[in-house]
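Residue numbers (UniProt numbering): 1 to 317.
Cβ coordinates follow ideal geometry from the N, Cα and C atoms, glycine included.
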């Protein structure tokens, strides 16, 4: 009798897995394939997860996805664990999805938000949605006006003279922790995130109380976050300031150089200023291409909330 009960429970469990995870994703996969959408093989439950993990451990995660892009061209289906996902790699199609004019059709996925939330919170440009995102974007735009960027010239030489910056160390350490952290060691990440948030919170309090000041000739990012307000005159909350500050620190870590042009425009270790930027055309091109090939956030996830047709010069989907 006990054996029959165990068998019944096991079969019931398999039935639930099939009905909830396998069948809906297989139906979705078949619908796309019937419309001639290229696809990796459908593998129930696991999809291409093991291939992705293997490539990541070999430090060739981006190369793996580049190979898929060469194989399938503009778009394809991929199994991310039990979930079938439609991957787009062509810029015109991506622009049709990510355009600010298309926000009524797509939104950021809860899956990605839940992954990033423990580290950067939810009140920042990366994970905020709809009205909150638009409000934050309007409030942050002045921080990147040319006059404010010029004011950072006074601290750039000190930053540039140190190859190992805080953001490089923090990002490298965090990625290493994520790669090596066992599933039962989540408290380690939580403790580190708590320490980071407490540090940023204290920095905000100190700046509010006049215990610290900008090292720039003008306002720095923290000053601008504290002084920004929206169309109704409402400022960022302390939680929003913290989340935005942490996000900018972790996102702004990429660096590259171009020796010949640096030697010509900045001979004899000339300290660069804002006025030199327009002359560093090769470096600008290298930076743009580097960020295009190796972006800080190489994957964006969106879920559609309203039917929408996307297209480029070759395809309409």
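Review point. What span of residues does the alpha helix (DSSP H) with residue 102 cover, start to end?
Key: Premise fails: residue 102 is in no alpha helix (DSSP H) and is neither H nor E.
Exercise for review: For residue 121, count neighbouring Cβ atoms within 10 angstroms of its own Cβ and tell me buried if that reaches 16, exposed if not.
Suggested key: Counting C-beta atoms within 10 angstroms of its own C-beta, residue 121 has 16 or more neighbours from the protein chains shown and is therefore classed as buried.
**Study point:** Endpoints, the beta strand (DSSP E) within which residue 78 is located
**Key:** It spans 75-80 - the beta strand (DSSP E) in which residue 78 sits, taken as one unbroken run.
Review point. So, using beta-carbon positions, are residue 39 and residue 77 closer together than 9 Å?
Key: Yes, the pair counts as a contact, with Cβ atoms nearer than the cut-off.
Check your understanding: Are residue 108 and residue 301 touching if we call contact CB-CB under 9 Å?
Key -> Judged by their CB atoms, residue 108 and residue 301 are nearer to each other than the 9 Å cut-off.
Check your understanding: So does the region 75-90 actually touch the region 41-51, counting three or more Cβ pairs closer than 8 Å?
Key -> Between the region 75-90 and the region 41-51 there are three or more C-beta pairs closer than 8 Å, enough to call the two in contact.
Check your understanding: Roughly how many whole angstroms lie between the Cα atoms of residue 239 and residue 265?
Key -> Cα-Cα distance, rounded: 42 Å.
**Study point:** Cβ shell of residue 316 (< 7 Å), same chain only, five flanking positions each side left out
**Key:** If we look at residue 316 and ignore the five residues flanking it on each side, its Cβ neighbours are 309.
Review point. Between which two residues does the beta strand (DSSP E) carrying residue 15 extend?
Key: Looking at the DSSP string, residue 15 is not in any beta strand (DSSP E); the run it does join, the alpha helix (DSSP H), is 2-17.
**Study point:** Cα-Cα separation, residue 92 to residue 312
**Key:** Cα to Cα, residue 92 sits roughly 6 Å from residue 312.
**Study point:** Cβ neighbour criterion (16 or more within 10 Å) applied to residue 169
**Key:** Legend: pLDDT at residue 169 = 43, less than 50; position of this residue unreliable, value from coordinates given subsequently. With fewer than 16 other Cβ atoms within 10 Å, it is exposed.
Exercise for review: Mind checking which residues open and close the beta strand (DSSP E) that includes residue 280?
Suggested key: Boundaries cannot be given for residue 280, as no beta strand (DSSP E) includes it and DSSP labels it neither H nor E.
Check your understanding: How should residue 256 be labelled, buried or exposed, when 16 other C-beta atoms within 10 angstroms of its C-beta is the threshold for buried?
Key -> Here the model assigns residue 256 a pLDDT of 40, short of 50, so the residue's position is not dependable, and the following value carries that caveat. It is exposed - the Cβ of residue 256 has fewer than 16 other Cβ atoms within 10 Å.
**Study point:** Range covered by the beta strand (DSSP E) that runs through residue 25
**Key:** DSSP places residue 25 in no beta strand (DSSP E) but in the uninterrupted alpha helix (DSSP H) bounded by 23-34.
**Study point:** Simplified DSSP state of residue 88, which is helix, strand or coil
**Key:** For residue 88, the secondary structure class from DSSP, reduced to helix, strand or coil, is strand.
Review point. In whole angstroms, what separates the C-alpha of residue 61 from that of residue 68?
Key: When rounded, the distance between both Cα atoms is 11 Å.
Practice item. Would you list the one or two residues that DSSP bridges to residue 39? Key: Under the DSSP definition of a beta bridge, residue 39 partners with 77.
Check your understanding: Exposed or buried, what is residue 128 when buried is set at 16 or more other beta-carbons lying within 10 Å of its beta-carbon?
Key -> With at least 16 other beta carbons inside 10 angstroms of its own, residue 128 counts as buried.
**Study point:** Straight-line gap, residue 124 to residue 211 (C-alpha atoms, nearest Å)
**Key:** Rounded to the nearest whole angstrom, the CA to CA distance from residue 124 to residue 211 is 25 Å.
Check your understanding: Quick one: is residue 307 buried, meaning 16 or more other Cβ sit within 10 Å of its Cβ, or exposed?
Key -> The residue is exposed, with fewer than 16 neighbouring Cβ atoms inside 10 Å.
Exercise for review: Tell whether a beta-carbon distance below 9 Å holds between residue 291 and residue 262.
Suggested key: The Cβ atoms of residue 291 and residue 262 do not sit closer than 9 Å to each other.
Point to revise | Rounded C-alpha distance that separates residue 11 from residue 53 | key: Their Cα atoms are separated by approximately 30 Å.
Exercise for review: Could you tell me if residue 162 is buried or exposed, where buried requires 16 or more neighbouring beta carbons within 10 angstroms of its beta carbon?
Suggested key: Unreliable placement is indicated for residue 162, whose pLDDT of 49 sits below 50; no coordinate value is reported for it.
Review point. Excluding five sequence neighbours on each side, which residues of the same chain lie with their C-beta closer than 6 Å to the C-beta of residue 88?
Key: Cβ within range, chain order: 75 and 94.
Point to revise | Within 9 Å, strictly: CB atoms of residue 225 and residue 241 | key: Judged by their CB atoms, residue 225 and residue 241 are nearer to each other than the 9 Å cut-off.
Point to revise | Rounded separation between residue 298 and residue 1 - CA only | key: Straight-line Cα distance between these residues: approximately 54 Å.
Check your understanding: For residue 178, does the count of other Cβ atoms within 10 angstroms reach 16, so buried, or fall short, so exposed?
Key -> Summary for residue 178: the model assigns pLDDT 48, below 50, so the residue's position carries little reliability, and this model does not support an answer.
Exercise for review: Starting from residue 64, trace the alpha helix (DSSP H) both ways and give me its first and last residue.
Suggested key: Residues 61-72.
Review point. Can residue 222 and residue 203 be called in contact, C-beta distance under 9 Å?
Key: The answer is yes: Cβ separation under 9 Å.
**Study point:** Whole-angstrom distance between residue 34 and residue 232, CA atom to CA atom
**Key:** Distance from the CA atom of residue 232 to the CA atom of residue 34, rounded to whole angstroms, is 50 Å.
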